[in-house]
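Sequences listed follow chains A and X, in order.
Take 1 as the starting number for the first sequence in full-length UniProt numbering and just add one per residue.
Take 1 as the starting number for the second sequence in full-length UniProt numbering and just add one per residue.
We treat Cβ as the ideally placed atom computed from N, Cα and C, and that holds for glycine.
Number of protein chains: 2
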Amino acid sequence: MSSVSLLSVESLSVSLGERSYPIHVGAGVLASREHLLPYLAGRQVMIVTNEAIAPHYLAALKQTLAGADLEIREVILPDGEATKTLASVERIWDALLAAGFNRHCTLIALGGGVIGDMAGYAAASYQRGVAFIQIPTTLLAQVDSSVGGKTGVNHPRGKNMIGAFWQPRAVIVDIDTLRTLPARELSAGLAEVIKYGLIWDISFLEWLEENLAALRALDESAIRHAIRRSCEIKAEVVAEDETEQGVRALLNLGHTFGHAIEAHQGYGNWLHGEAVGAGMMMATRLSFDRGWLSEADVERVAAILIAADLPVTAPANMQAEDFLSRMRLDKKNLDSRLRLILLEALGRACIRDDTEAEQLHRLLERFPRG
Amino acid sequence: MSSVSLLSVESLSVSLGERSYPIHVGAGVLASREHLLPYLAGRQVMIVTNEAIAPHYLAALKQTLAGADLEIREVILPDGEATKTLASVERIWDALLAAGFNRHCTLIALGGGVIGDMAGYAAASYQRGVAFIQIPTTLLAQVDSSVGGKTGVNHPRGKNMIGAFWQPRAVIVDIDTLRTLPARELSAGLAEVIKYGLIWDISFLEWLEENLAALRALDESAIRHAIRRSCEIKAEVVAEDETEQGVRALLNLGHTFGHAIEAHQGYGNWLHGEAVGAGMMMATRLSFDRGWLSEADVERVAAILIAADLPVTAPANMQAEDFLSRMRLDKKNLDSRLRLILLEALGRACIRDDTEAEQLHRLLERFPRG
Numbered sequence: 001m002s003s004v005s006l007l008s009v010e011s012l013s014v015s016l017g018e019r020s021y022p023i024h025v026g027a028g029v030l031a032s033r034e035h036l037l038p039y040l041a042g043r044q045v046m047i048v049t050n051e052a053i054a055p056h057y058l059a060a061l062k063q064t065l066a067g068a069d070l071e072i073r074e075v076i077l078p079d080g081e082a083t084k085t086l087a088s089v090e091r092i093w094d095a096l097l098a099a100g101f102n103r104h105c106t107l108i109a110l111g112g113g114v115i116g117d118m119a120g121y122a123a124a125s126y127q128r129g130v131a132f133i134q135i136p137t138t139l140l141a142q143v144d145s146s147v148g149g150k151t152g153v154n155h156p157r158g159k160n161m162i163g164a165f166w167q168p169r170a171v172i173v174d175i176d177t178l179r180t181l182p183a184r185e186l187s188a189g190l191a192e193v194i195k196y197g198l199i200w201d202i203s204f205l206e207w208l209e210e211n212l213a214a215l216r217a218l219d220e221s222a223i224r225h226a227i228r229r230s231c232e233i234k235a236e237v238v239a240e241d242e243t244e245q246g247v248r249a250l251l252n253l254g255h256t257f258g259h260a261i262e263a264h265q266g267y268g269n270w271l272h273g274e275a276v277g278a279g280m281m282m283a284t285r286l287s288f289d290r291g292w293l294s295e296a297d298v299e300r301v302a303a304i305l306i307a308a309d310l311p312v313t314a315p316a317n318m319q320a321e322d323f324l325s326r327m328r329l330d331k332k333n334l335d336s337r338l339r340l341i342l343l344e345a346l347g348r349a350c351i352r353d354d355t356e357a358e359q360l361h362r363l364l365e366r367f368p369r370g
Numbered sequence: 001m002s003s004v005s006l007l008s009v010e011s012l013s014v015s016l017g018e019r020s021y022p023i024h025v026g027a028g029v030l031a032s033r034e035h036l037l038p039y040l041a042g043r044q045v046m047i048v049t050n051e052a053i054a055p056h057y058l059a060a061l062k063q064t065l066a067g068a069d070l071e072i073r074e075v076i077l078p079d080g081e082a083t084k085t086l087a088s089v090e091r092i093w094d095a096l097l098a099a100g101f102n103r104h105c106t107l108i109a110l111g112g113g114v115i116g117d118m119a120g121y122a123a124a125s126y127q128r129g130v131a132f133i134q135i136p137t138t139l140l141a142q143v144d145s146s147v148g149g150k151t152g153v154n155h156p157r158g159k160n161m162i163g164a165f166w167q168p169r170a171v172i173v174d175i176d177t178l179r180t181l182p183a184r185e186l187s188a189g190l191a192e193v194i195k196y197g198l199i200w201d202i203s204f205l206e207w208l209e210e211n212l213a214a215l216r217a218l219d220e221s222a223i224r225h226a227i228r229r230s231c232e233i234k235a236e237v238v239a240e241d242e243t244e245q246g247v248r249a250l251l252n253l254g255h256t257f258g259h260a261i262e263a264h265q266g267y268g269n270w271l272h273g274e275a276v277g278a279g280m281m282m283a284t285r286l287s288f289d290r291g292w293l294s295e296a297d298v299e300r301v302a303a304i305l306i307a308a309d310l311p312v313t314a315p316a317n318m319q320a321e322d323f324l325s326r327m328r329l330d331k332k333n334l335d336s337r338l339r340l341i342l343l344e345a346l347g348r349a350c351i352r353d354d355t356e357a358e359q360l361h362r363l364l365e366r367f368p369r370g
């Protein structure tokens, strides 16, 4: 156990009354029994992971669980957003039932956002709800999708259309797992990190502008700060509005545009974070058109996205109508009014449903294509 | 509107804080706009019903909704417990998405327990949760399944294995709908009514003993009293323990045995209430074996079940091992201990996990087969 005592783990809390839970952030925390075992609901443990992650971290996780008198099973799904379907969730349910697991079992999601969303939804609906733990292994999952209880799968007609709000019992962020993450996925995660600066915290945005190179080089201290600050903001927003009746919607900056891009291009061809990057650029440009941002602000947003190696143009093959038809079905749109997250200033977002159709159409027509 | 003022509607409340909701009970309440319209979340309404119920009540429900500037769609599923599958729920989701319904839509379940369970689960998981209203049309749904927020579907490996706790916004019980209910289903509903007397209220049990003939003849005053008292008990138990951590389990008297019967016989061949009837007889006999009930108590339970035209024997083709293998997977069983609801006395149930395997086995071997 002496190795554990050398760990430097920072713990935040998501405050949701009886459903409050910790986020443990540290290099090597995956090996720490004390940060994992207390959150198991019973003896039955189902690890849900995928073919890309299992070779790197499944054995390590099982090692951490070993010797605790647990019944451990695993489901290894294919990799990628295209697998984020009800059929994959059914595979998890089938495995749980084949193992005879009862409602006191625990699911552990070991992987990126897709694994976390599917394992979380599987947990939410298995025997009307069982415990689950998030061990996110991508930057995007570590700073965004593993925190806050949004779970679900895609439907051919739209992203995340089937799902539940179901909070994990703990989120365990081992930043060492980023060392096996492809650079493209690291950039995709940085899109959500940048988002927190844009919507909530101008000084964090400034810090990011100065530290993007360090983040892309996986400097441990920089990565740790970026994850902690992102999780703090997410936890604060979620504690205030768990089921997205109000302020939580701010976290969707760029997402309505981004979801349209993902759906049009086919899930997985653009990574979620890439689509959000382009989408944030579109929201930024629309905020400029509304008169709230300066040309310098727009340039600043473009510069930080480019520094993170994220797209700042829309797909070449996507017409204005391709956006509009998909944006109308987006969950965030109340009845027929188009509700968008925009920027009143850098570091301060707002929810607006008063964008004129003509103004939006002009943006969609003129926005640069890549 | 003068016809509405002639209605005699009694309203109970299920107390769950922000998620509290009313149960409106009355003859003809299906036609009452004031008992339905206030519970819609927005303009989009999806009615979920089945082929047996639609010819009787769909037009009446649409008439009640007419003129309120709503966008009304419907999904008409096949009838029967065999349809209580994820595939049926997917049909509901597909219809919602095809209609472009957003997260401010409302699902209305018009039908028996199967429709209510499926529509409720569809609502729980559509866009991470939308509103739904229960309009139960069978006695079983009116006194039990429509109240309390248990929703879900069956899996080939077990009943109700996939689902959610998701409370309706209102339960609307029109007792006139019982006039089209087959006698066999009326009896199945009486099993749950008798259950409330057995687990909770000896004086209600005595009232039932005196009024079973009137109930089977659909005497309005008797039916109204039985439904109201059943819903009162259910609401009291659910308010105390929404997610079945403790006392709510008492509502499962006879259900662990009953689920084994349903699963072994194939869902729908034995009605749920019939299997619960036989299961309550088994739990009663086991309570006698434990020394808590007298032979006279056992005879009394048998007599009231027989008076309700419910089975008091197990299926002829079911061996002790057929029960045991299915009971172990039952949701109500914590790890490997078999947890059963038994009767300390008539009118008072208890949760016990200390039944000796040998005693249970002896019961399962010797219990009469039909």
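Beta-carbon spacing of residue i, residue j below 8 Å
i	j	result
A:A314	A:R362	no
A:V147	A:K234	yes
A:I304	A:I194	yes
X:L12	X:Y57	no
X:N50	X:D79	yes
X:L65	X:V45	yes
X:I133	X:A188	no
A:D219	A:G28	no
X:I108	X:G347	no
Euclidean distance between Cα positions of residue i and residue j
i	j	result
X:A82	X:R91	15 Å
A:P168	A:M161	20 Å
X:Y121	X:E18	20 Å
A:R224	A:A275	25 Å
A:D117	X:R300	52 Å
A:D241	X:A164	21 Å
A:H155	A:T138	23 Å
A:A263	A:R157	8 Å
residue 374 of chain X	X:Y126	In the structure as shown, chain X begins at 1 and stops at 370. Residue 374 of chain X is therefore absent and cannot be evaluated.
A:E295	X:R73	47 Å
A:L40	X:P136	38 Å
X:E210	X:F204	10 Å
X:A239	X:V153	23 Å
A:G268	A:Q359	30 Å
X:L198	X:G273	15 Å
X:R229	X:K62	30 Å
Contacts around residue i, its chain only, beta-carbon distance under 6 Å, and the 5 residues preceding and following it disregarded
i	result
residue 371 of chain X	Since the first residue shown for chain X is 1 and the last is 370, residue 371 of chain X is missing from the structure and cannot be characterised.
A:D144	E192
X:H24	V9, S11, H35 and I172
X:P22	S11, S13 and A170
Beta-ladder partner(s) of residue i, from DSSP
i	result
X:T151	X:A164
X:F132	X:L107
X:T49	X:I76
A:C231	BP columns for A:C231 are empty, so no partner.
X:V238	According to DSSP, which records beta bridges pairwise, X:V238 is partnered with nothing at all.
X:E71	X:Q44
X:V9	X:G26
A:L338	According to DSSP, A:L338 bridges with nothing at all.
Simplified DSSP assignment, three categories, for residue i
i	result
X:T85	coil
X:V14	strand
A:P156	coil
X:W270	strand
X:D354	coil
X:Q142	helix
A:P22	strand
A:A226	helix
X:A60	helix
X:A66	coil
Contact test: residue i Cβ vs the ligand FAD heavy atom, cutoff 7 Å
i	result
X:A213	Inclusion of the ligand FAD in the displayed structure is not the case, the ligand content being empty and no account of it being possible.
Interface flag, residue i vs chain C, CB-CB below 8 Å
i	result
X:H272	Judged by its chain identifiers, the structure shown contains no chain C, and its protein chains are A and X.
Spatial neighbours of residue i in its chain, beta-carbon cut-off 8 Å, leaving aside the 5 residues before and after
i	result
A:T355	L286, R290, L338, L340 and L342
A:W292	L342, L343, E344 and A345
A:L212	L190, I304, A307 and A308
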